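Shown next, in structure tokens, is the structure this report addresses.
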Amino acid sequence: WKELIALRNGLKKAGRNFFALSDPVQHYLTATGRTLFKQLPYEELKRMQLEVLSPTGETDLAEASQNHIASIALSDNSGWEELILVDHAKAEESEHAALKRLAAIIKERDPDVIEGHDLFRFDLPYLVARARKAKVKLDWGRGGGFLRSRPSRLQIAEKTIDYPKFTIDGRHFVDTFLLAQFYDVGMRTLTGFERIDVAQHFGLCDSAEIAVLTGKELEREYLTNSERFRSRALCAVRETRAVAELLSPSYFIQAQIFPYNYQDVIVRGNATRINALFLREYLRQRHSIPELPMTRSFEGGFTAIYFTGIACNVWHCDIASLYPSVMLQFDCFPATDQLQIFRHLLTDLRAFRLEAKQQMRLADREKNRQKWHHLQALQNTFKILINSFYGYLGFAQGHFADFDAAARVTQIGRDLLQKMIAWLNERGAQVIEVDTDGVYFVPPGSVGGVADPGGARPSRAQDQPGSATTVTTIERLRAGLAEILPAGIEVEFDEQFDAMFSYKAKNYALLTREGDVIIKGGALKSRGLEKFQRVFLEEMIKLLMEGKPEAIGDLRDQFQKRIRDHEMPIDMLMKTDTLQDSLDKYRAKIADAARNRAAAYELAAASGRNYRPGDQISYYITGNTKKVAAYENAKLASAFDPQNRDENIDYYIAKLDELVKKFAGITAEASSAKQESLAL
Numbered sequence: 006w007k008e009l010i011a012l013r014n015g016l017k018k019a020g021r022n023f024f025a026l027s028d029p030v031q032h033y034l035t036a037t038g039r040t041l042f043k044q045l046p047y048e049e050l051k052r053m054q055l056e057v058l059s060p061t062g063e064t065d066l067a068e069a070s071q072n073h074i075a076s077i078a079l080s081d082n083s084g085w086e087e088l089i090l091v092d093h094a095k096a097e098e099s100e101h102a103a104l105k106r107l108a109a110i111i112k113e114r115d116p117d118v119i120e121g122h123d124l125f126r127f128d129l130p131y132l133v134a135r136a137r138k139a140k141v142k143l144d145w146g147r148g149g150g151f152l153r154s155r156p157s158r159l160q161i162a163e164k165t166i167d168y169p170k171f172t173i174d175g176r177h178f179v180d181t182f183l184l185a186q187f188y189d190v191g192m193r194t195l196t197g198f199e200r201i202d203v204a205q206h207f208g209l210c211d212s213a214e215i216a217v218l219t220g221k222e223l224e225r226e227y228l229t230n231s232e233r234f235r236s237r238a239l240c241a242v243r244e245t246r247a248v249a250e251l252l253s254p255s256y257f258i259q260a261q262i263f264p265y266n267y268q269d270v271i272v273r274g275n276a277t278r279i280n281a282l283f284l285r286e287y288l289r290q291r292h293s294i295p296e297l298p299m300t301r302s303f304e305g306g307f308t309a310i311y312f313t314g315i316a317c318n319v320w321h322c323d324i325a326s327l328y329p330s331v332m333l334q335f336d337c338f339p340a341t342d343q344l345q346i347f348r349h350l351l352t353d354l355r356a357f358r359l360e361a362k363q364q365m366r367l368a369d370r371e372k373n374r375q376k377w378h379h380l381q382a383l384q385n386t387f388k389i390l391i392n393s394f395y396g397y398l399g400f401a402q403g404h405f406a407d408f409d410a411a412a413r414v415t416q417i418g419r420d421l422l423q424k425m426i427a428w429l430n431e432r433g434a435q436v437i438e439v440d441t442d443g444v445y446f447v448p449p450g451s452v453g454g455v456a457d458p459g460g461a462r463p464s465r466a467q468d469q470p471g472s473a474t475t476v477t478t479i480e481r482l483r484a485g486l487a488e489i490l491p492a493g494i495e496v497e498f499d500e501q502f503d504a505m506f507s508y509k510a511k512n513y514a515l516l517t518r519e520g521d522v523i524i525k526g527g528a529l530k531s532r533g534l535e536k537f538q539r540v541f542l543e544e545m546i547k548l549l550m551e552g553k554p555e556a557i558g559d560l561r562d563q564f565q566k567r568i569r570d571h572e573m574p575i576d577m578l579m580k581t582d583t584l585q586d587s588l589d590k591y592r593a594k595i596a597d598a599a600r601n602r603a604a605a606y607e608l609a610a611a612s613g614r615n616y617r618p619g620d621q622i623s624y625y626i627t628g629n630t631k632k633v634a635a636y637e638n639a640k641l642a643s644a645f646d647p648q649n650r651d652e653n654i655d656y657y658i659a660k661l662d663e664l665v666k667k668f669a670g671i672t673a674e675a676s677s678a679k680q681e682s683l684a685l
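Residue numbers 6 to 685, in this note's numbering, belong to the letters of the sequence shown in order.
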């Protein structure tokens, strides 16, 4: 490997063009054709979960590192658990013993993978800082290797995350914080990325009251060695284990396919992974690799909104794997792919996915849940890969990218969607919105009527999923669309909803037949809102979709009363901001009047601690009047004392009122429409 590095450096100095893989693991796996965990079921992977708590439970590394560890909670996928407590009365000696015990457990239980939430940015750096102080070696590797780290940066959609990348010989680290970030890129349904937010979203939180224990309240439980503190510590590893079991299997399967180790396959982009497959096959066949293409811009997919307000009995349809279907049907492949790997891979992956889905249905009939979960992860992995082939065509770092082919795919996709919309409208349907998720529409009047702004939930049996009328109508619509669309382009009618609140393009809410609310778009679930605002907004939108706009006033009064009576938990009031700039850069911008002061940065600066870009700060607002400068009245959430509450009641009530006012027009329109409906 050293010789290869020397060769690369020599070629650079000589000004020669060359291509070489920079990762020795990828280099080895590409050259040999080997991959990790071949044929190993996910259930047999040895996974350990780790959660480290400071006495006040803060997730602010700069602050936590100044304090000794309170506990180290561990569990694994066999159901084993252990809680290592640090005695605050003899903290130095006890912390030293706890760190030694942790190393011994890792060697003894010998996990393949160590999982944690915010593992890279908090737990591991915290352990390193405390181990350095306690003079304990973190020799966790197989064969006694030490924990190593280097600065790393990850781009996820519009976000840049700086974090220290940790490695250890023979084991992999999986951070569920990053898994949640990647999950939300496609779904856009998470309200936050703290462990409790993710666990609650997936219904994996056993006790919200225990899970949110933090700050002074947690410190009191720790100092009294209470059962609540023990529950809080173990709750964290149980939730991490459950989240990892939900979000990591598809990545584990990808580690069996791609020439990357498990830890790295998670943070590689889909197009980068596909490029690795091409490179491996071209190098195996000893074929030359084309130069990177010249990049150019091209028009994206078709999106449009045709209706805003409340619509009832909303159906959803889309073209199954739109872009992959277009590529295969219309021969949209890279011009430089002389071995035609792109076509063969895409064709084979589609066939593998269909086979996996068929086997999944069989496992379901046989009630074999373990096999079903494995196949579900497998087919979902294939789905992700198949849908990523289009993205690869427009990938600037892809050796076989083809921007002309990418432009042709989106053009054909736009034409097909517009043809579908015109056909549905001609049959009496009302199309509400078209986006990357497909077409939302109210079916023709023979089933559910046109969009009804009154928001009353449908009650007719014939309108329900599975009813004879609904099934017949779906088949009629599917058959009609099949006549106007090219062969190989299949339309799926996959979901029906009681109601839809269409706010603006790519911002809408859906009310499922079971009464659950799904919210999409930053305007309706902005992470810039405090949690109590997000919860209020979701409940308000649900009332609108249920046709109960008159109940919104009572809802507002309930929230106001909870704030006034100091009943709102601090996690509902606090705000968590991520530092994008270093403190020096922030100060320079303030000095140049290039930005306004911000609460998170002011708290970081006042702490005197070494905050870095990517660090998160949770805070709440104090004071007695609603008009206060947040940066002058902010206080760290970890300093909140539930027995001596000092949150700014008027400030938070004013924020509630702002939200009500923002949606007042829609509320009034829904109320008016309902009164007209009643009058009729």
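Every residue gets a Cβ at the ideal spot worked out from N, C-alpha and C, and that includes glycine.
Please read these numbers as outputs of a predicted model, since none were measured by experiment.
Next item on the list: Please classify residue 228: is it buried, with 16 or more other beta-carbons within 10 angstroms of its beta-carbon, or exposed?
Entry: exposed
Notebook entry, point to check: What whole-angstrom Cβ distance do residue 167 and residue 155 have, given they're in contact under 8 Å?
Noted result: The pair is not a contact, with the Cβ atoms about 12 Å apart (cut-off 8 Å).
Checklist line | Presumed contact (8 Å Cβ cut-off) between residue 188 and residue 252, rounded CB distance | finding: 6 Å
Next item on the list: Starting from residue 596, trace the alpha helix (DSSP H) both ways and give me its first and last residue.
Entry: 588–596
Checklist line | Closest residue to residue 285 among 605, 540, 40, 632 (Cα-Cα distance) | finding: 40
Note to self: For residue 530, which residues in the same chain have their Cβ closer than 7 Å to its Cβ, ignoring the five residues on either side in sequence?
What the structure shows: 196, 524, 539
Margin query: Taking the beta carbon of residue 127 as the centre, do at least 16 other beta carbons fall within 10 Å, making it buried, or is it exposed?
Written below: buried
Next item on the list: Run through the segment 464–549 for me and flag every whole beta strand (DSSP E) of 3 or more residues, listed as ranges in chain order.
Entry: 496–509, 512–517, 522–525
Checklist line | Same chain only: Cβ atoms within 8 Å of residue 402, ignoring 5 sequence neighbours per side | finding: 276, 277, 280, 297
Next item on the list: Within 10 angstroms of the Cβ of residue 489, are there 16 or more other Cβ atoms? Answer buried if so, exposed if not.
Entry: exposed
Next item on the list: Measure from the alpha carbon of residue 607 to the alpha carbon of each residue in 450, 599, 635, then state which is nearest.
Entry: 635
Check: Between the C-alpha atoms of residue 335 and residue 322, what's the straight-line distance to the nearest angstrom?
Finding: 22 Å
Note to self: For residue 139, which residues in the same chain have their Cβ closer than 8 Å to its Cβ, ignoring the five residues on either side in sequence?
What the structure shows: 97, 100, 101, 104
Notebook entry, point to check: How big is the Cα-Cα spacing for residue 603 and residue 655?
Noted result: 20 Å
Margin query: Going by C-alpha to C-alpha distance, which of 246, 433, 443 sits closest to residue 204?
Written below: 246
Notebook entry, point to check: If you draw a straight line from the alpha carbon of residue 582 to that of residue 121, how long is it in whole angstroms?
Noted result: 21 Å
Margin query: Using a Cβ-Cβ cutoff of less than 7 Å, which residues in the same chain neighbour residue 283 once the five nearest sequence positions on both sides are dropped?
Written below: 346, 404, 405
Next item on the list: Whole angstroms is fine: what's the gap from residue 85's alpha carbon to residue 49's?
Entry: 15 Å
Next item on the list: Would you kindly work out how many angstroms separate the C-alpha atoms of residue 348 and residue 376, rounded to a whole number?
Entry: 30 Å
Margin query: Counting C-beta neighbours from all protein chains within 10 Å, is the total for residue 268 16 or more, i.e. buried, or is it exposed?
Written below: buried
Check: Where do the ends of the alpha helix (DSSP H) carrying residue 425 lie?
Finding: 408–431
Notebook entry, point to check: Of the choices 671, 144, 431, whose alpha-carbon is the least far from that of residue 113?
Noted result: 144
Item checked: Alpha-carbon spacing of residue 360 relative to residue 374, whole angstroms -> 18 Å
Next item on the list: Ignore the nearest five residues each way along the sequence and tell me which others in residue 136's own chain have a CB closer than 7 Å to its CB.
Entry: 104, 143
Note to self: Does residue 339 pass the burial test, meaning 16 or more other C-beta atoms within 10 Å, or should it be called exposed?
What the structure shows: buried
Notebook entry, point to check: With burial defined as no fewer than 16 other Cβ atoms inside 10 Å of the residue's Cβ, what is the status of residue 37: buried or exposed?
Noted result: exposed
Margin query: Counting C-beta neighbours from all protein chains within 10 Å, is the total for residue 399 16 or more, i.e. buried, or is it exposed?
Written below: buried
Margin query: Am I right that residue 649 and residue 628 are in contact with their C-beta atoms under 8 Å? What's the rounded C-beta distance?
Written below: Between residue 628 and residue 649 the Cβ distance is about 15 Å, and since that is not below 8 Å, they are no contact.
Next item on the list: State the CB to CB distance for the pair residue 81 and residue 51, rounded to an integer number of angstroms; the pair is presumed to be in contact (CB under 8 Å).
Entry: 7 Å
Checklist line | Span separating the alpha-carbon of residue 107 from that of residue 672 | finding: 56 Å
Notebook entry, point to check: In chain order, what residues of the same chain have a beta carbon less than 7 Å from the beta carbon of residue 222, not counting five sequence neighbours either side?
Noted result: 647
Item checked: Candidates 234, 244, 165, 153: closest to residue 206 by CA position -> 244
Check: Is the beta carbon of residue 424 sitting closer than 9 Å to the one on residue 326?
Finding: no
Margin query: For residue 694 and residue 528, what's the separation of their Cα atoms in angstroms?
Written below: There is no way to answer for residue 694, as the model of the chain reaches only from 6 to 685.
Note to self: Per the DSSP calculation, residue 53 is bridged to which residue(s)?
What the structure shows: 81, 119
Margin query: On the CB-based measure, 16 or more other CB atoms within 10 Å of its CB, does residue 291 come out buried or exposed?
Written below: exposed
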